[in-house]
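Accompanying notes for the structure given below.
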């Protein structure tokens with residue numbers, strides 16, 4: 010065989026830059042913290058636990074953290090920026106950035122990992138309440154489809170149980186929904202924050218979950234709350250007595266902090282919530298959690314007991330001291346990423362030679378666990394001198410699926426074709442790949458024809474005797490001897506009619522002359 014070309018080089022050129030992992034989204038009212046070194050130590054303890062606590066096999070650092078009750082500390086310094094710095098130090102990165110506007114106290118902010126998400130927009134949504142909601146538009150790094158874009162509304166609605174407070178809160182929710190509805194149908198939205206909603210029957214909640222483009226859904230599908238029956242999902246308060254930082258007391262009996270999502274994040278396709286309420290994920294546990302709440306602290310402080318808890322005492326104590334709210338966490342799968350590897354393609358093949366071209370299709374989404382990415386539904390088609398048609402489904406972190414494609418070597422000359430791999434998986438990256446294939450079909454080699462003249466004769470023996478054949482051993486001689494006299498059939502040209510007539514005339518003339526001489 011002659012030289013080969015590695016299509017792997019072409020594959021490398023086409024390969025996308027993929028996101029670092031599936032998304033972990035957090036909402037947290039941090040009570041105007043972290044302010045000092047004590048706060049920072051508590052924050053590190055909490056977020057280290059968030060990053061190392063697995064759900065569905067996923068344990069990773071947060072990607073987006075919506076923050077309520079933030080404040081400025083000095084010019085260019087806020088509690089949110091100090092948290093971003095603390096996370097960069099904790100995880101040994103420099104990718105955490107802060108999104109905040111305004112100055113003073115009671116601000117809304119977000120900290121996000123720029124290694125996994127890109128902040129495309131950050132706008133105020135004025136809802137007539139005491140604090141504007143922030144609408145942040147994120148794009149997972151490495152994904153280009155608009156179907157992979159998601160909006161995170163970070164809210165801190167009006168507090169209080171008086172009628173006026175409830176009415177204002179309901180109006181805020183209505184205006185928030187108006188803004189979300191205007192984004193259109195099928196948009197990925199996470200509504201997160203401290204909503205100060207006292208029950209699922211409150212008008213504020215009903216406004217958020219009303220029908221429309223931006224209709225909000227509870228990933229937990231809780232029918233009634235709060236109650237002892239769903240104590241593990243309650244988020245406020247972590248305390249029963251004051252510790253002097255202005256936090257609320259009364260024990261853990263309210264579900265103020267929420268992550269609600271639009272239906273497109275529950276369809277199990279592309280970007281989607283990881284949990285049993287998403288289509289096709291009934292076997293998973295909810296990634297949604299009021300972090301550190303095991304359901305044993307109803308109407309009590311979060312660290313009321315350390316027996317049988319999911320977190321150690323140090324984490325429970327940090328949750329108690331850092332804020333009067335618990336962080337709410339949820340994981341979201343990323344879309345699939347189409348990857349492939351193609352075997353080496355020879356530059357030349359002999360006529361009639363059978364050659365299987367190996368192809369492997371993979372889901373290259375860079376995730377911690379297979380459930381962190383959508384499955385890759387793909388199809389393979391070919392044209393020209395390459396044949397093969399297949400379809401399959403590839404999970405992330407799997408070895409992929411392998412197929413053999415055939416190259417047509419029936420005709421001599423340059424041959425070409427096109428390999429097409431496509432995916433209809435929602436928001437899949439690199440969803441259409443087309444690889445041109447080319448090779449040359451040459452005449453089959455004649456065994457023993459050491460001088461390549463199309464005949465096996467004495468001249469080939471001379472080549473073997475002089476040590477210039479591919480095999481100058483006895484075996485090479487035996488091949489020559491066994492094929493002596495063989496030749497590659499040569500095409501026989503048919504004379505043109507005019508040539509035939511001329512030949513006949515010459516023969517006739519020649520015959521006449523012979524007769525006269527006789």
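In the numbering used here, the protein residues as written are 10 to 527. Using N, Cα and C, we set each Cβ at its ideal position, and we do this for glycine too.
- DSSP, read as helix, strand or coil, puts residue 487 in helix.
- In the DSSP annotation of this structure, residue 390 is not part of any alpha helix (DSSP H); the continuous beta strand (DSSP E) holding it starts and ends at 385-393.
- Of the candidates 418, 345, 384, 327, the residue whose Cα lies closest to the Cα of residue 356 is 418.
- Residue 255 and residue 186 have their C-alpha atoms some 31 Å from each other.
- Here the alpha carbon of residue 359 sits roughly 21 Å from the alpha carbon of residue 485.
- In the three-state reduction of the DSSP assignment, residue 135 falls in the coil class.
- One thing to note: residue 270 has its Cβ no nearer than 8 Å to the Cβ of residue 55.
- Annotated three-state conformation of residue 271 is coil, per DSSP.
- If you keep only unbroken beta strand (DSSP E) runs of at least 3 residues inside the stretch 196-254, you get 197-203.
- Residue 247 sits away from residue 338, with the two beta carbons spaced by 8 Å or more.
- Using a Cβ distance threshold of 8 Å, residue 125 and residue 72 count as a contacting pair.
- For residue 234, the CB contacts under 6 Å within the same chain, skipping 5 residues up- and downstream, are 209, 264 in chain order.
- Taking 4 residues as the shortest admissible run, the stretch 72-154 contains the following complete alpha helix (DSSP H) segments, listed from N- to C-terminal end: 88-100.
- At least 8 Å separates the beta-carbon of residue 410 from that of residue 381.
- A straight-line Cα-Cα distance of about 8 Å links residue 303 and residue 240.
- In the pairwise beta carbon analysis, the stretch 58-66 is classified as not touching the stretch 110-120: fewer than three pairs are separated by under 8 Å.
- The residues 449, in chain order, have a CB closer than 6 Å to that of residue 423 in the same chain once the five nearest residues on each side in sequence are set aside.
- Annotation for residue 334: 38, 244, 245, 266 place their beta carbon closer than 6 Å to its own, counting only its chain and skipping 5 residues before and after.
- Here residue 258 carries a coil assignment [DSSP, helix/strand/coil].
- A straight line joining the alpha-carbon of residue 295 with that of residue 229 spans about 7 Å.
- With a beta-carbon spacing of about 6 Å, residue 341 and residue 280 fall inside the 8 Å limit used to define contacts.
- In the three-state reduction of the DSSP assignment, residue 283 falls in the coil class, being assigned neither a helical nor a strand state.
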